[in-house]
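In what follows, a structure is listed as structure tokens, so that the remarks can point back to it.
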Amino acid sequence: MIESNHNPPLLRDYTQLLQRSRDSVETKQRINYEQEMEECGLPLVDLGGLWSMNEEESVSCASEICKASAEWGFFQIVNHGISLELLRRMRKVQVELFKAPFEQKMASGLLDNSYRWGNRTATCPKQLSWCEAFHVPLSKISDETCYGEFSSLREVMQEYADAMQELAKSIARVLVMNMGGGRSLWEDNCNESTCFMRLNRYPSCPISPEVFGLVPHTDSDFLTILHQDEHVGGLQLMKDSKWVAVKPNPDALVVNIGDLFQAWSNDVYKSVEHKVTVNQEVERHSIAYFLCPSYESFIGCCDKESSIYRRFTFGEYRRQIQEDVKDYGHKVGLPRFLVST
Ligand SMILES: C=C1C[C@]23C[C@@]1(O)CC[C@H]2[C@@]12CC[C@H](O)[C@@](C)(C(=O)O1)[C@H]2[C@@H]3C(=O)O
Ligand SMILES: O=C(O)CCC(=O)C(=O)O
Ligand SMILES: [Fe+2]
Numbered sequence: 007m008i009e010s011n012h013n014p015p016l017l018r019d020y021t022q023l024l025q026r027s028r029d030s031v032e033t034k035q036r037i038n039y040e041q042e043m044e045e046c047g048l049p050l051v052d053l054g055g056l057w058s059m060n061e062e063e064s065v066s067c068a069s070e071i072c073k074a075s076a077e078w079g080f081f082q083i084v085n086h087g088i089s090l091e092l093l094r095r096m097r098k099v100q101v102e103l104f105k106a107p108f109e110q111k112m113a114s115g116l117l118d119n120s121y122r123w124g125n126r127t128a129t130c131p132k133q134l135s136w137c138e139a140f141h142v143p144l145s146k147i148s149d150e151t152c153y154g155e156f157s158s159l160r161e162v163m164q165e166y167a168d169a170m171q172e173l174a175k176s177i178a179r180v181l182v183m184n185m186g187g188g189r190s191l192w193e194d195n196c197n198e199s200t201c202f203m204r205l206n207r208y209p210s211c212p213i214s215p216e217v218f219g220l221v222p223h224t225d226s227d228f229l230t231i232l233h234q235d236e237h238v239g240g241l242q243l244m245k246d247s248k249w250v251a252v253k254p255n256p257d258a259l260v261v262n263i264g265d266l267f268q269a270w271s272n273d274v275y276k277s278v279e280h281k282v283t284v285n286q287e288v289e290r291h292s293i294a295y296f297l298c299p300s301y302e303s304f305i306g307c308c309d310k311e312s313s314i315y316r317r318f319t320f321g322e323y324r325r326q327i328q329e330d331v332k333d334y335g336h337k338v339g340l341p342r343f344l345v346s347t
């Protein structure tokens with residue numbers, strides 16, 4: 007593939023590393039495995055029940071959310087209250103943004119300098135991500151100076167972030183109440199300035215399935231709401247020690263539990279590993295909204311007596327991840343914070 011001037015130079019930068027390991031058994035096994043993947047339907051929750059005045063309906067909807075969070079760590083939601091018109095408008099500006107020349111995305115300070123691409127610190131092919139992203143702190147979304155010539159982005163980003171914030175909080179409230187928790191955990195610590203929004207683009211990839219779109223990871227937040235591409239699949243998650251692919255549902259958003267809810271619930275809710283594969287012919291877009299607390303917030307456990315994780319702040323957690331990515335090429339995550347280690 008000739009890398010057009012809006013694509014990051016992924017192939018050029020990855021070539022050496024790939025050539026060195028092309029013949030390895032590990033790479034060959036991984037490629038065979040990817041080609042055999044089947045699609046699955048995630049638990050589907052109709053959020054209509056949650057907004058309903060009928061108590062039986064709202065109790066049953068809440069219990070579906072909690073069951074899926076404990077058994078899958080992932081579910082899809084319909085009737086979520088976010089208009090299709092807003093989702094499409096946001097997707098349209100996202101597509102336009104990524105069409106900007108690579109140099110401009112890299113160097114013009116766009117969206118608080120939040121542009122990232124690939125993983126050039128990787129030491130083996132399984133650490134390579136074939137993607138570019140803007141990982142934007144919500145505190146910067148209203149700041150006009152972040153947008154440069156993309157000033158029309160601001161209004162829709164703000165509208166999208168506000169809508170996602172409300173939705174994420176409604177789901178988090180259900181999960182907290184189910185464990186008998188009060189409002190203190192996140193109502194006071196997560197707000198419109200502590201969360202993140204990540205705009206992802208996975209360019210078509212001539213060497214798929216040799217590299218991932220996004221390497222296997224768990225999210226480092228309370229929960230994530232994902233608006234994935236309506237037609238192009240690629241998201242896979244771990245279920246019963248096997249990778250399963252998520253079939254795109256144009257009417258649904260995908261919700262997944264992050265590390266912080268797993269820690270807070272003492273492993274009742276599961277922060278499940280997921281990854282993205284790439285496609286030889288078509289590109290894929292997605293937007294993730296991460297519900298996060300402020301860096302100073304302590305992530306305790308709802309049951310302080312029997313907590314399996316030590317208390318830590320979100321800032322401490324993020325720093326440890328960055329250190330581990332630097333030292334080992336990947337995130338270690340919650341196991342680092344177990345009381346017994
Ligand atoms: C190299 C890495 C950065 C990352 C953790 C990881 O080991 C693998 C995936 C990355 C990711 C993607 C989703 C989220 O944006 C993120 C915060 C996460 O939890 O996993 C990032 C991590 C990061 O940027 O620190
Ligand atoms: O693009 C996707 O489907 C998933 C993205 C993701 O996992 C993330 O941004 O954390
Ligand atoms: Fe993720």
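Add 6 to a position in the sequence shown, counting from 1, and you land on the number used in the numbering used here.
A virtual CB, placed ideally from N, CA and C, is assigned to each residue, including glycine.
task: Please classify Thr21: is it buried, with 16 or more other beta-carbons within 10 angstroms of its beta-carbon, or exposed?
output: Around the beta carbon of Thr21, fewer than 16 other beta carbons sit within 10 angstroms, so the residue counts as exposed.
task: Spatial neighbours of Asn195 within its chain, please: CB distance less than 7 Å, with the 5 preceding and 5 following residues excluded, ordered by chain position.
output: Within its own chain, the residues whose Cβ lies closer than 7 Å to the Cβ of Asn195, once the five positions on either side in sequence are excluded, are Pro299, Ser300 and Ser303, listed in chain order.
message: According to DSSP, Asn60 sits in a beta bridge with which residue or residues?
response: The beta-bridge partner set that DSSP reports for Asn60 is empty.
message: Comparing C-alpha positions only, which one of Asp225, Val221, Arg207 and Asp227 sits nearest to Asp235?
response: If we check each option's Cα against that of Asp235, Arg207 comes out closest.
Reduced DSSP secondary structure (H/G/I, E/B, other) of Pro15: Coil.
Pro209 versus Glu287 - alpha carbon distance: One C-alpha to the other measures close to 9 Å.
query: With distances taken from CA atoms, which of Lys332, Ala174 and Phe320 is nearest Leu53?
result: Looking at the Cα atoms, Ala174 is the closest of the given residues.
Residues sharing a beta bridge with Asp52, DSSP: Beta-bridge pairing by DSSP links Asp52 to Val84.
query: Would you call the stretch 224-238 and the stretch 126-145 in contact, with 3 or more CB pairs under 8 Å?
result: Taking 8 Å as the limit for Cβ pairs, the verdict is that the stretch 126-145 does not touch the stretch 224-238.
- request: Could you work out which residue in Leu241, Asn85 and Gln268 is closest to Phe218 when comparing CA atoms only?
  value: Cα-wise, what sits closest to Phe218 is Leu241.
message: Quick check: does the Cβ of Val282 come within less than 6 Å of any heavy atom belonging to ligand 2?
response: Yes, ligand 2 has a heavy atom inside 6 Å of this Cβ.
message: In the DSSP output, which residue or residues are listed as bridge partners for Asn184?
response: In DSSP, Asn184 forms no bridge with anything.
- prompt: Does ligand 3 have a heavy atom nearer than 6 Å to the CB of Asp265?
  reply: No, since every heavy atom of ligand 3 falls outside the 6 Å radius drawn around the Cβ of Asp265.
- prompt: In three-state DSSP terms, what is Ser27?
  reply: Ser27: helix per DSSP, three-state reduction.
- prompt: Looking at C-alpha atoms only, which residue of Phe267, Ile83, Glu329 and Arg325 is the closest neighbour of Val261?
  reply: The shortest C-alpha separation from Val261 is found at Ile83.
query: Nearest to Ser271 by alpha carbon, out of Gly188, Tyr295, Asn125 and Pro256?
result: In terms of Cα proximity to Ser271, the closest of Gly188, Tyr295, Asn125 and Pro256 is Gly188.
- prompt: Between Asn206 and ligand 2, is the CB less than 6 Å from at least one heavy atom?
  reply: Yes, the Cβ of Asn206 comes within 6 Å of a heavy atom of ligand 2.
- prompt: Quick one: any contact between the stretch 303-316 and the stretch 272-281, if contact means 3 or more CB pairs under 8 Å?
  reply: The stretch 303-316 makes contact with the stretch 272-281; the number of CB pairs closer than 8 Å reaches 3 or more.
message: For a test of the three-state rule: what should DSSP assign to Ser69, helix, strand or coil?
response: Correct three-state label for Ser69: helix.
message: Taking the alpha-carbon of Leu93 as reference, which of Gln268, Asn13, Ile231 and Glu198 has the nearest alpha-carbon?
response: Minimum Cα distance to Leu93 is reached at Ile231.
message: I'd like to check one pair, Leu205 with Gly154: are the Cβ atoms closer than 7 Å?
response: No, the Cβ-Cβ distance between Gly154 and Leu205 is not below 7 Å.
field: Beta-carbon contacts of Ile147 that lie in its chain and below 7 Å, excluding the five residues immediately before and after
entry: Excluding sequence neighbours, Ile147 sits near Met163, Gln164 and Ala167.
Proximity winner among Val238, Glu161 and His237, relative to Val99 (alpha-carbon distances): Comparing Cα positions, the closest option is Glu161.
task: Identify the continuous alpha helix (DSSP H) that holds Ala113 and give its terminal residues.
output: For Ala113, the enclosing alpha helix (DSSP H) starts and ends at Phe108 to Ala113.
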